[in-house]
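Counting with the working numbering, you get residues 58 to 301 for the letters of the sequence shown.
For glycine and all other residues, C-beta sits at the position ideal for the given N, C-alpha and C.
Presented below is the structure to which this report refers.
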Amino acid sequence: IVVFALQATPIWMEASSLTSTARRLSIVEGLRDTWSNIAFRHICFVRLFEGCYQGIQSTNLLYYLTYVLKLHGGRRSGFVVLVGMCNLVGELPMAYVVSKFLTVHRNTYRLQAAVATARTMNAGATVALFALPTVLLGEDLDGMELGVATVVFLLWQAGSRVLQAPFTFFKVGAQCWVVDEDIISQSGARREGVFMSVASAMQNFSRALAAALCFLGYGLAGLKPRDCDLQCEELWDPFTDAQD
């Protein structure tokens, strides 16, 4: 990453703008200029809800690893790496499948329906797979970090990425269609940067807000995180623990 970054930096510094009349827009100005496009409004709401989903999912992931699977420190970090590998396993095959699917022109109009179907299946699979360890093991999930609960969770993570992957292609394609429509309606004016930045800002804002509200909800529901090392500090003997 560092090697490519060092090579790319001079290229970006040498790049020059095509026009001297371009001005830097604030997020409010960009939203005002793009909100008249009805199709883009729908994309903004889609990105808004997607950001909410990502924020809630990331918070729940941390909660599940810490309080359900009872992973801490290096073990939790290693499990996060496994989660990333599961995402990769689910994403790459679907990238090939969706790209082949889109080689047929009429399928470009069917992608949205495929995305809706996949997300609905993902919701059902999430409920089923997360309920499976409880059904099989009852409430006795202690000591199951490498057991059934962990295996089911990793399977869900990979399957979830498989079912969410088509949305990535639809999102990029829909934004490009909006940009093409805007270029035609604005007599060739190119404002793709404004559309992309506004949509990304909507998603980033909703992701951060949803993650904060989700964790706040845990606190209101009774979650009280504690520092076990601090609580047991009086009983901690460095010499004895070092010998152990």
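In the structure shown, the three-state DSSP call for W234 is helix.
Restricting attention to Q260, L168 and F272, the CA atom closest to the CA of G108 is found in Q260. Cβ-Cβ distances below 8 Å link L211 to L139, V140 and C143 in the same chain, with the five nearest sequence neighbours on each side left out; the list follows chain order. The distance from the Cβ of F226 to that of L168 is about 7 Å, consistent with a contact at the 8 Å cut-off. Shortest Cα-Cα distance from V208 to any of F224, A222 and F187 involves F187. Pairing L122 with F136 gives a Cβ-Cβ distance under 8 Å. Sorting V219, G250, D239 and R132 by C-alpha distance to the C-alpha of A182 places V219 at the top.
Take the alpha-carbon of Q214 and the one of V255: they are about 29 Å apart. Taking T177 as reference, the option from F224, V155, K157 and N164 with the minimal CA-CA separation is F224. If you keep only unbroken alpha helix (DSSP H) runs of at least 4 residues inside the region 115-172, you get 130-158. Annotation: the continuous alpha helix (DSSP H) that includes S254 extends over E249 to L277. In the structure shown, P223 falls within a helical segment according to DSSP collapsed to helix, strand and coil. With respect to the C-alpha of A175, the residue from M151, L189, Y120 and L128 having the closest C-alpha is M151.
Shortest Cα-Cα distance from A206 to any of T165, F102, R248 and Y124 involves Y124.
Put simply, the backbone Cα of H129 is about 36 Å away from that of K228.
Annotation for S217: G147, N179, A182 and T183 place their beta carbon closer than 8 Å to its own, counting only its chain and skipping 5 residues before and after. Secondary structure of N94 (DSSP, three-state): coil.
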